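First the structure, in the form of structure tokens, and then the observations on it.
Numbering (my numbering), first residue to last: 38 to 183.
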């Protein structure tokens with residue numbers, strides 16, 4: 038038996054080398070693809086974090102702008118509320134003063150009416166006393182004459 042027969046021929050060696058090259062190439066391509074996917078996933082993860090941070094920053098900026106836009110409205114509302122309260126207080130004070138003045142006028146009128154009533158009662162009383170006296174005097178004069 039010849040030793041040559043145990044050895045692979047050129048075609049077999051060539052086929053095995055190609056097979057190894059193809060396997061190495063496939064493995065290299067697979068590793069590159071994995072690396073690209075890994076890098077893309079890492080980039081996407083980083084981008085997501087950056088996007089989240091940017092969104093939070095934009096949300097905070099929007100809140101700040103809304104607060105700044107609302108500040109003049111709040112100040113205007115506060116000024117309006119202060120003025121309305123002031124007007125209400127003034128009206129309330131005027132109503133109180135008006136009622137006090139009306140009470141004072143009513144008291145003065147009541148005193149004047151009471152004085153007139155008293156004067157009228159005295160006048161009527163004096164008139165009746167005078168009439169009574171005249172009647173008595175007349176009665177006694179007539180009685181003396183008779």
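We treat Cβ as the ideally placed atom computed from N, Cα and C, and that holds for glycine. All of these numbers come straight from a predicted model, not from anything done at the bench.
Can you give the Cα-Cα distance for residue i and residue j, rounded to whole angstroms?
i	j	result
residue 57	residue 64	10 Å
residue 145	residue 130	22 Å
residue 70	residue 82	18 Å
residue 72	residue 66	10 Å
residue 170	residue 159	16 Å
residue 62	residue 88	37 Å
residue 55	residue 79	35 Å
residue 166	residue 150	23 Å
residue 173	residue 180	10 Å
residue 50	residue 44	10 Å
residue 138	residue 124	21 Å
residue 112	residue 100	18 Å
residue 118	residue 86	46 Å
Is there a C-beta anywhere in chain D that falls below 8 Å from the one on residue i?
i	result
residue 134	Reference to chain D is not applicable here, since this structure consists of a single protein chain.
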